[in-house]
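Residue numbers (the numbering used here), protein chains in the order written: chain X, 1 to 598; chain B, 1 to 598. Here a beta-carbon is modelled for each residue, glycine too, at the ideal position from N, C-alpha and C.
Protein chains: 2
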Amino acid sequence: MSVSTPTQQVSNWLAAFGTALDRGDHAAAAAMFDDEGYWRDLVSFTWNIKTMEGRDAIRAMLDACAASTKPGAWAIEGEASEAGGVAEAWFGFETALARGRGQIRLKGDKCWTLLTTMTELKGFEEAKGATRPKGVEHGASQDRKSWLERKTQEEADLGYKTQPYCVIVGGGQGGIALGARLKRLGVPTIILEKNPRAGDSWRNRYRSLCLHDPVWYDHMPYLPFPEHWPVFAPKDKIGDWLEMYTKVMELNYWTLSEVTSASFDEAKQEWTVNVNRNGETVVLQPKQLVLATGMSAVPNVAKIVGADTFKGDIHHSSKHPGGDKYRGKKCVVIGSNNSAHDICADLWEHGADVTMLQRSSTHIARSDTLMELALGGLYSEEAVKSGVSTNTADMIFASIPYKIMHTFQIPVYEEMAKRDADFYARLKKAGFMLDFGEDGSGLFMKYLRRGSGYYIDVGASELVADGRIKLKSGVEIEKITPNSVVMKDGTELPADLIVYATGYGSMNGWAARLISQQVADKVGKCWGLGSNTTKDPGPWEGEERNMWKPTQQPALWFHGGNLHQSRHYSQFLSLQLKARCEGLATPVYGLQPVHHLS
Amino acid sequence: MSVSTPTQQVSNWLAAFGTALDRGDHAAAAAMFDDEGYWRDLVSFTWNIKTMEGRDAIRAMLDACAASTKPGAWAIEGEASEAGGVAEAWFGFETALARGRGQIRLKGDKCWTLLTTMTELKGFEEAKGATRPKGVEHGASQDRKSWLERKTQEEADLGYKTQPYCVIVGGGQGGIALGARLKRLGVPTIILEKNPRAGDSWRNRYRSLCLHDPVWYDHMPYLPFPEHWPVFAPKDKIGDWLEMYTKVMELNYWTLSEVTSASFDEAKQEWTVNVNRNGETVVLQPKQLVLATGMSAVPNVAKIVGADTFKGDIHHSSKHPGGDKYRGKKCVVIGSNNSAHDICADLWEHGADVTMLQRSSTHIARSDTLMELALGGLYSEEAVKSGVSTNTADMIFASIPYKIMHTFQIPVYEEMAKRDADFYARLKKAGFMLDFGEDGSGLFMKYLRRGSGYYIDVGASELVADGRIKLKSGVEIEKITPNSVVMKDGTELPADLIVYATGYGSMNGWAARLISQQVADKVGKCWGLGSNTTKDPGPWEGEERNMWKPTQQPALWFHGGNLHQSRHYSQFLSLQLKARCEGLATPVYGLQPVHHLS
């Protein structure tokens with residue numbers, strides 16, 4: 001019996017896997033996976049974002065995709081590592097059309113998890129480093145156009161004399177990150193933003209808002225934040241950065257531009273997008289339409305009896321202007337997740353009398369603890385020092401199949417519950433209903449499953465615990481009167497302000513609003529994994545519904561998520577769009593069926 | 001006889017040197033240098049920018065500075081390298097007040113060149129990486145100020161309710177780079193820029209201008225250009241980058257602001273700076289005044305008989321609007337350096353009839369050849385790949401004493417003359433007077449000595465060689481008539497436009513204009529090494545006159561140069577200013593005497 005190093009182990013596996021694929025022996029290739037083996041593919045084999053779970057699914061994908069994909073050149077990168085009987089390594093590979101990069105985990109000689117991702121399309125690589133443009137044309141020419149003249153011409157023509165291949169609706173971090181990648185790939189694109197300036201979707205939020213995720217998690221593509229950027233950037237600072245970013249990345253970014261309607265012409269395979277551009281009607285006819293309107297863009301407003309009789313201010317959290325005008329006022333905030341906590345704290349800081357109405361249990365994670373236990377290994381100064389760049393961290397995160405991700409998460413939150421036991425005890429004592437997710441898997445799984453149900457505590461929980469923010473918990477609202485909220489237990493809460501911090505609907509609500517209910521229903525619910533937990537009904541989907549990948553509506557795409565997802569998945573969406581723009585064959589494997597309308 | 005590695009050799013030298021300094025034996029320390037040994041110090045020992053040439057100068061500096069500097073903790077960084085009998089290495093060291101980094105070259109057991117540079121002041125380190133600000137204040141507070149509120153308040157107060165410690169006149173790359181470093185160091189600073197937007201000093205130049213230096217040489221501090229940035233960035237693109245940079249670095253950058261006068265109050269040790277801020281008069285009272293008005297900011301205009309009778313357009317190159325309006329016109333450009341060539345080519349591209357008047361010989365270097373032979377080793381994609389970052393390249397460049405720099409340069413230009421022999425032959429045949437500098441040391445030495453006398457060829461030379469740009473060379477101008485230029489050989493050149501591409505005067509001309517002729521004379525000529533070559537009269541100075549270091553006028557500083565120098569020397573100027581701002585002792589060793597007024 002020979003002893004092999006983890007590197008030899010992985011190299012041997014890749015060589016044998018490549019050989020099996022070369023000879024079209026998909027049964028043999030699938031047999032090289034563990035009983036509970038996973039293969040997650042980001043675009044490179046499936047032209048989809050897809051996790052194959054188990055040997056049969058892997059075999060079926062290979063039968064459908066391998067012949068056209070023509071994979072090869074599997075080669076380990078650097079050395080494999082080994083921990084707990086699992087060998088891990090990075091590798092490169094190629095397909096007929098693309099170059100890719102992957103990550104593998106072996107248990108013995110079987111593959112437990114395989115990640116394959118598309119890096120670049122052959123012949124359409126982004127110019128950078130040694131292939132960057134020269135910038136100047138040496139020599140003399142009597143019809144030279146300067147950079148500024150070419151840029152000004154493109155800005156004047158695009159959308160008028162020439163049509164963009166792609167229109168992105170929504171110019172937040174998602175639209176901007178995707179737009180930047182498409183610019184680098186040479187895909188003519190217009191980004192539509194309703195606000196006057198890039199970054200306004202951040203600037204318009206309440207004044208004390210800072211990012212809840214740390215800087216290492218938040219970098220935009222191509223232009224990382226400098227080393228002195230704060231850990232949790234204030235909203236206006238992020239707004240300024242995004243505005244700068246659109247300019248130096250030379251995006252065709254239309255401000256004060258709202259889509260009034262859009263429709264798809266099946267015969268021409270083309271969209272008609274009607275845009276109100278600062279009062280001017282412009283009709284765009286792109287081949288691809290991306291909704292990057294944000295996961296949190298269609299407000300859920302609960303229907304409460306008597307709400308129309310209320311004489312004070314009443315609005316959804318997304319419209320909340322901040323606490324300035326509510327000093328000394330009685331404020332009721334309905335909800336107990338991030339927005340509810342942030343708004344309650346902001347109102348309290350402005351000297352308002354604040355009551356939070358908690359309708360269902362909430363997961364609370366203290367920011368410092370969350371950073372250290374949940375994110376620190378991948379996204380932190382220590383991670384950077386140990387060689388884990390943001391790109392590497394993204395790939396490691398992407399390599400964990402969603403099916404088993406909760407098993408990695410549960411121990412983190414068990415540790416969190418232990419470490420912050422006193423904190424949680426005080427919250428409970430104040431009447432706050434706590435949970436750690438239905439399976440104890442905590443914050444990130446809640447985010448991936450439902451995009452809600454938690455608060456990253458940056459201070460409001462102490463106000464709740466000690467009663468500076470009053471809490472009404474576990475009682476339903478009976479009705480709203482002209483100047484109060486009445487609870488089913490008879491309590492009457494006098495109110496000058498009511499805020500619905502009641503969350504957001506599925507992103508396909510935007511398709512209903514801009515295109516049609518029919519198209520919204522055709523694509524179905526966005527986000528969520530089908531985990532069969534609250535707000536994420538089964539069946540199991542294996543990937544986020546409709547995000548960053550083909551939907552049931554041809555040429556309609558959804559892009560969004562936090563800064564991490566906007567950065568990472570914009571790579572894969574941009575490659576899908578570029579391939580189509582260049583007329584490459586992009587046979588989609590396993591297009592997701594629709595199980596839920598919203 | 002024991003054989004030691006280069007690393008041991010350097011480590012031993014540093015240890016012995018440290019020991020000699022510790023016991024105050026300056027004679028022994030100086031004796032560790034070669035007969036022709038050099039020690040270049042950037043601020044760490046001398047609070048000056050100073051090269052000590054030879055043992056006596058080194059000994060004298062140590063006698064004056066060592067006791068107060070208290071150097072120590074000399075430690076090699078990584079491994080030394082060896083080539084041609086010279087061992088080279090990086091090292092760290094400390095002084096009483098600062099941390100430093102250096103570079104050493106040993107010949108045998110003697111030091112040939114030593115570079116010591118100040119990296120940071122102890123207790124005043126820039127916050128970055130693990131020490132970056134948190135950005136958010138966790139917890140709740142009823143008098144919280146948001147980032148935007150603090151920033152808005154600072155912008156409103158600075159220059160009105162509170163006074164900046166430092167005022168920088170001129171918001172080009174020099175003022176911006178220095179302003180960014182001072183911001184990071186917490187030195188309250190206002191940058192004054194006469195144009196409406198940051199970057200306009202680039203935007204306002206002729207349309208086809210691109211940087212003549214490549215991207216790797218041009219990075220700003222803290223925020224490097226992204227990987228796809230062009231090799232030679234077009235002027236408007238650089239303008240946009242600088243504008244973005246001032247915003248994301250949060251500089252107090254006053255646009256449309258011109259200094260009308262400034263004076264120094266010796267008693268209060270404070271400046272009074274009168275500013276016209278977009279029509280409003282503002283009086284600033286900083287402790288330090290930096291002129292970053294550009295090396296190329298006070299135009300030299302030759303006095304030519306009859307110029308006042310000329311009926312066409314006549315202006316200095318700095319006022320040249322570009323060729324748009326000169327199609328079909330007869331244009332005479334006086335001069336044969338960079339601006340003259342660029343303007344001639346631009347006029348030719350716009351269909352003008354162009355004549356260049358060459359008054360004295362010019363050094364021409366083809367851009368591609370220059371990049372490969374002169375810059376490639378330090379500033380190129382290949383350099384980056386071989387581990388030479390821009391910072392490392394800056395330090396290597398800084399480590400070569402000016403006294404011997406030409407000996408490194410001469411072989412480069414010998415190779416250039418050989419490689420481009422055909423090109424030079426064609427230029428000569430067209431009558432162009434060529435040189436490679438008086439000692440054959442080429443372009444960069446001309447730049448360092450006089451800031452002029454060359455053209456980096458990006459295309460105009462071919463137009464000169466083949467006569468598309470007409471050339472009149474080696475003949476003096478007799479006079480200007482209402483519609484022509486008449487040469488001393490009797491030739492009359494009809495002209496609708498005359499451009500004086502006749503260069504710029506010394507930067508102390510700005511002190512004369514803004515402060516007084518007396519102060520301008522007190523500080524004397526700026527720039528140049530005292531090489532005793534054309535436009536750089538002796539005696540030998542050893543460093544650039546008056547640049548980035550104390551001058552004969554207390555609290556008056558000159559900052560400028562190309563993007564490389566703006567980046568690199570802003571570090572040392574910012575540390576000098578920060579130390580004074582904090583009241584640290586900054587005894588200046590070897591303040592430069594004035595030998596020339598302009």
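query: For the region 214-239 of chain X, which residues have a CB atom closer than 7 Å to at least one CB atom of chain B, in sequence order?; result: TYR222, LEU223, PRO226, GLU227, HIS228, TRP229, PRO230, VAL231, PHE232, ALA233, PRO234, ASP236 and LYS237
query: Taking a cut of 7 Å between CB atoms, which residues from the region 378-406 of chain B lie near chain X?; result: GLU381
query: What's the gap between the Cα of ALA579(B) and the Cα of PRO196(X)?; result: 43 Å
query: Does any residue of chain X bring its CB to less than 8 Å from the CB of LYS578(B)?; result: no
query: Note down the Cα distance separating THR309(X) from THR481(X), rounded to an integer number of angstroms.; result: 6 Å
query: Report the residue from PRO401(B), CYS526(B), VAL282(B) and LYS311(B) whose alpha carbon sits nearest the alpha carbon of PRO593(B).; result: CYS526(B)
query: Could you tell me the alpha carbon to alpha carbon distance between LEU575(B) and ASP496(X), rounded to whole angstroms?; result: 55 Å
query: Could you run through the region 435-465 of chain B and flag, in chain order, every residue whose CB is less than 9 Å away from some CB of chain X?; result: ASP457, VAL458, GLY459, ALA460, GLU462 and LEU463
query: With a cut-off of 8 Å on the beta carbons, I'd call ALA599(X) and LYS122(X) a contact; round off their distance for me.; result: Here chain X has residues from 1 to 598 only, and residue 599(X) is not among them.
query: Verify whether the separation of the beta carbon atoms of ALA233(B) and SER570(B) is less than 8 Å.; result: no
query: Consider the Cβ of ARG207(B): report whether some Cβ of chain X lies at a distance smaller than 8 Å.; result: yes
query: Based on the DSSP output, what are the partners of ILE333(X) in its beta bridges?; result: The sequence given here places Val at residue 333(X); Ile does not occur at that position. Bridge partners of VAL333(X): MET356(X) and VAL499(X).
query: Candidates ALA512(B), TRP557(B) and SER531(B): which alpha carbon is nearest HIS595(B)'s?; result: SER531(B)
query: Distance, Cα to Cα, LYS549(B) vs VAL588(B)?; result: 9 Å
query: Please list the residues of the region 487-510 of chain X that have a C-beta atom closer than 9 Å to any C-beta atom in chain B, keeping them in chain order.; result: none
query: Can you tell me whether ILE400(B) is helix, strand or coil according to DSSP?; result: coil
query: Measuring alpha carbon to alpha carbon, tell me which residue in ARG181(B), GLY239(B), TRP229(B) and LYS107(B) is nearest ALA198(B).; result: GLY239(B)
query: Tell me, please, whether the CB atom of ALA430(X) is closer than 8 Å to any CB atom in chain B?; result: no
query: By alpha-carbon positions, which one of SER461(X), ILE410(X) and LYS418(X) ends up nearest to MET433(X)?; result: SER461(X)
query: Within the continuous alpha helix (DSSP H) that includes LEU185(X), where are the two ends?; result: 173-185
query: Where does the unbroken beta strand (DSSP E) through ARG101(X) begin, and where does it stop?; result: 98-107
query: Where LEU251(X) and GLY37(X) are concerned, what is the direct C-alpha to C-alpha distance, given to the nearest angstrom?; result: 42 Å
query: If you follow the beta strand (DSSP E) that THR116(B) is in, where does it begin and where does it stop?; result: 110-121
query: Say whether chain B places a C-beta atom closer than 8 Å to the C-beta of GLN571(X).; result: no
query: Any C-beta of chain X sitting closer than 8 Å to the C-beta of LYS134(B)?; result: yes
query: Could you check where the beta strand (DSSP E) with PHE91(X) kicks off and where it finishes?; result: 86-94
query: For HIS559(X) and chain A, any beta-carbon pair shorter than 8 Å?; result: No chain A appears in the structure shown, which is made up of the protein chains X and B.
query: Using the Cβ count rule (16 or more neighbours within 10 Å means buried), how would you classify GLU193(B)?; result: buried
query: To test your reading of the DSSP string, which unbroken alpha helix (DSSP H) runs of 4 or more residues are found completely within the region 466-544 of chain X?; result: 508-514 and 517-523
query: Bridge partners of LYS50(B), per DSSP?; result: ASP41(B)
query: Are the Cβ atoms of CYS210(X) and VAL187(X) separated by less than 8 Å?; result: no
query: Return the residue from the list ILE49(X), GLY538(X), PHE33(X) and ILE76(X) that minimises the CA-CA distance to THR55(X).; result: The question names Thr, yet the displayed sequence has Arg at residue 55(X). With distances taken between Cα atoms, ARG55(X) lies closest to PHE33(X).
query: Name the DSSP bridge partner or partners of PRO411(B)?; result: In DSSP, PRO411(B) forms no bridge with anything.
query: Does the distance from the C-beta atom of THR117(B) to that of LEU42(B) stay below 8 Å?; result: yes
query: Look at the alpha carbon of CYS537(X) and the alpha carbon of ASP439(X), and state the distance between them as a whole number of angstroms.; result: The amino acid at residue 537(X) is misidentified as Cys; the sequence shows Pro. Their backbone Cα atoms lie some 15 Å apart in a straight line.
query: For the beta strand (DSSP E) containing SER261(X), name the first residue and the last one.; result: 257-265
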